[in-house]
């Protein structure tokens, strides 16, 4: 059974793409196999994994769900806000 992945803070399109690529590879899936599972094109997946900032959100959510992942929105704590300054 594959190792679970740690939560990743997504701060930009590149980080999202890297997280999706890591999960796909961890699951041993090719771009073509993932495209088939998600009903999106290989080109879209490649652009997503490479951090293209203008990918369609509906397709991103399809890929995320098909890979057994989820996106969450969480408030930034005051401590985190202080550290970011």
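Residue numbers (our numbering): 13 to 97. Just so it is clear, CB atoms sit at the ideal spot from N, CA and C, and this is done for glycine as well. Please read these numbers as outputs of a predicted model, since none were measured by experiment.
Item, Value
"Look up residue 22 in the DSSP assignment and say whether it is helix, strand or coil.", "coil"
"Can you have a look at residue 85 and say buried or exposed, based on whether 16 or more other CB atoms are within 10 angstroms of its CB?", "exposed"
"Between residue 50 and residue 31, is the Cβ-Cβ spacing less than 7 Å?", "no"
"Around the C-beta of residue 46, are 16 or more other C-beta atoms found within 10 angstroms, so that it is buried, or is it exposed?", "buried"
"Between residue 69 and residue 40, what straight-line distance do the alpha-carbon atoms span, to the nearest angstrom?", "24 Å"
"Pick helix, strand or coil for residue 75, following the three-state DSSP scheme.", "helix"
"Look up residue 40 in the DSSP assignment and say whether it is helix, strand or coil.", "coil"
"Measuring alpha carbon to alpha carbon, tell me which residue in 18, 56 and 53 is nearest residue 35.", "18"
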